[in-house]
Amino acid sequence: QEKYFEFKTSLKLAAFALPGAIAGAILAVKIDGVLFQRVLALFILGILLTVIFPKSKKHIATQTVKPSHGWLIYPTMMGIGFIGGFHQVGIGFLMIGALSHILKMDLVRINMHKASVFFIYTIPALMIFAWTDNINWKYGIALAVGNAMGGWWSAKIAVRKGEKTIRIFLAVAMLIMAVKLLNSF
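The working numbering numbers the first residue of the sequence shown as 34 and each following residue consecutively.
1) Measuring only the C-alpha atoms, how far is residue 58 from residue 120?
2) For the candidate residues 125, 115, 75, 215, whose alpha-carbon lies nearest to that of residue 180?
3) Does DSSP put residue 221 in a helix, a strand or coil?
4) On the three-state DSSP scale, how would you describe residue 125?
5) Pick out the complete alpha helix (DSSP H) segments inside the segment 129 to 197, 4 residues or longer, and give them in chain order.
6) Using a Cβ-Cβ cutoff of less than 6 Å, which residues in the same chain neighbour residue 56 once the five nearest sequence positions on both sides are dropped?
7) How many angstroms separate the CA atom of residue 39 from the CA atom of residue 149?
8) Let me know if residue 136 comes out buried or exposed under the rule of 16 or more other beta-carbons within 10 Å of its beta-carbon.
9) What residue range is occupied by the uninterrupted alpha helix (DSSP H) comprising residue 40?
10) Using C-beta distances below 8 Å, list every residue in its chain close to residue 147, excluding the 5 sequence neighbours before and after it, in chain order.
11) Quick one: using the 10 Å Cβ neighbour count with 16 as the cut-off for buried, is residue 118 buried or exposed?
12) Considering just the uninterrupted stretch of the alpha helix (DSSP H) at residue 4, what are its terminal residues?
13) Less than 8 Å between the C-beta atoms of residue 78 and residue 211, yes or no?
14) Using the Cβ count rule (16 or more neighbours within 10 Å means buried), how would you classify residue 64?
15) Going by alpha carbons, who is nearest to residue 81 out of 205, 216, 61?
16) Please look up how many angstroms separate the CB atoms of residue 61 and residue 111, rounded, as I've assumed it's under 8 Å.
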């Protein structure tokens with residue numbers, strides 16, 4: 034609706050995340066994730082620092098500038114897909130860090146790609162969790178409705194208000210998530 038999309042780039046990113054997400058979901062139904070939650074909390078705190086202390090304006094790339102090591106995004110996306118398939122909590126923060134640092138994207142473009150990639154790789158991961166009876170459908174549906182409403186609202190804010198507003202929301206959300214993960218043990 035906001036007429037803000039780059040389907041080709043989103044599909045390329047999703048193509049590399051998809052096999053990782055399937056492998057991560059298969060592993061998730063087989064092992065306990067307590068140690069992974071601690072590591073995830075530390076990753077989120079690290080990425081929080083990159084959101085709080087942004088790149089200088091001269092290093093922020095536009096859509097026409099190609100980063101010199103852009104190929105690194107593809108193995109990174111496979112890793113992000115794996116972590117997302119295994120444990121979806123906080124995965125958006127990892128993708129923000131990857132797209133920001135490797136492809137030098139601004140937060141508005143990152144959020145657009147993030148939503149597309151997550152939608153694509155979540156479908157097979159959801160099927161794996163459903164097949165192994167690892168879904169609480171009541172909580173899942175409530176979460177899906179909340180995510181849809183939040184996604185709709187945040188897309189409008191992101192396109193209209195820009196990166197500064199997104200940066201504030203992200204910093205608060207990351208800090209809350211990291212504290213929650215670290216205090217859950």
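Ideal placement from N, C-alpha and C gives every residue a C-beta, glycine not left out.
Source: prediction; values computed, not measured.
This is what the structure holds:
1) Taking the Cα positions, residue 58 is about 8 Å away from residue 120.
2) If we check each option's Cα against that of residue 180, 125 comes out closest.
3) A query on residue 221 cannot be resolved here, the shown segment of the chain reaching from 34 to 218 and no further.
4) Shown here, residue 125 sits in a helix according to DSSP, grouped into three states.
5) Listed in chain order, the complete alpha helix (DSSP H) runs (minimum 4 residues) inside the segment 129 to 197 are 140 to 164, 170 to 194.
6) Around residue 56: 115.
7) When rounded, the distance between both Cα atoms is 10 Å.
8) When all chains shown are included, residue 136 counts as buried.
9) Where residue 40 is concerned, the enclosing alpha helix (DSSP H) stretches over 40 to 61.
10) Only 125, 128, 129, 132 meet the Cβ criterion.
11) Buried, because 16 or more other Cβ atoms sit within 10 Å of the Cβ of residue 118.
12) Within the shown structure, residues of the chain are numbered from 34 to 218, placing residue 4 beyond reach of any answer.
13) With contacts defined by Cβ atoms closer than 8 Å, residue 78 and residue 211 form a contacting pair.
14) Burial check for residue 64: the Cβ neighbour count within 10 Å stays below 16, so the residue is exposed.
15) With respect to the C-alpha of residue 81, the residue from 205, 216, 61 having the closest C-alpha is 205.
16) In fact, because the Cβ distance is near 16 Å, the residues do not count as touching under 8 Å.
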